[in-house]
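Input: a single structure, listed below in structure tokens.
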Amino acid sequence: MADASNNVPASATSPSPSSSSASIVRNNKTIGTPLNPDDATRMLNEEYITRLTDDAIRKLAAYTRNELQATTEECQLLEAMNKTTKEKYAQMSQMSQRLMDEMTRLQGTYADFATFMAQVDDIHQQAVEIEKVAHALDEYSRHLENKLAKKTNTMATTTTRGTSS
Numbered sequence: 120m121a122d123a124s125n126n127v128p129a130s131a132t133s134p135s136p137s138s139s140s141a142s143i144v145r146n147n148k149t150i151g152t153p154l155n156p157d158d159a160t161r162m163l164n165e166e167y168i169t170r171l172t173d174d175a176i177r178k179l180a181a182y183t184r185n186e187l188q189a190t191t192e193e194c195q196l197l198e199a200m201n202k203t204t205k206e207k208y209a210q211m212s213q214m215s216q217r218l219m220d221e222m223t224r225l226q227g228t229y230a231d232f233a234t235f236m237a238q239v240d241d242i243h244q245q246a247v248e249i250e251k252v253a254h255a256l257d258e259y260s261r262h263l264e265n266k267l268a269k270k271t272n273t274m275a276t277t278t279t280r281g282t283s284s
């Protein structure tokens, strides 16, 4: 609470011309000797106390009004933040729904291609097997060519020996 000496009017703290008190008043504060009992009683009169009470009530009301204003502003800020958050979550929900739809579509496409991929793998495996068979046939045909060449050479050599003798 505020210091009561700041709100005291100068007439209440300054000595009256008839008073013989030797105190000096500066900025509504008494410096020097303490107040005499008559001055203290005069300062505590009912009008002065009423003024101080009214001032304290006004200040308390202003403080309470400012606190309520600050609380109201905080509530409005929270409301705005909640609305923004709600909008962001709605956007994220829509985006996740689109992603889920796209993912479902991609899974369907993958399932469609999985059959084709299996067929491609089977064809590849068959091609590898055919290549192995072709290689084996190639080796066998070379073997047969070599064998035929030897027989032909042997027959040609025997025929040339038989004719030359």
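In this note's numbering, the protein residues as written are 120 to 284. By construction, the Cβ of each residue, glycine as well, lies at the ideal position given by its N, Cα and C atoms.
Could you tell me the distance, in whole angstroms, from the CA atom of residue i to the CA atom of residue j?
{"i": "L163", "j": "N201", "result": "54 Å"}
{"i": "R217", "j": "L197", "result": "30 Å"}
{"i": "T190", "j": "K207", "result": "25 Å"}
{"i": "N265", "j": "R280", "result": "22 Å"}
{"i": "A255", "j": "Q244", "result": "17 Å"}
{"i": "A175", "j": "T183", "result": "12 Å"}
{"i": "V239", "j": "L263", "result": "35 Å"}
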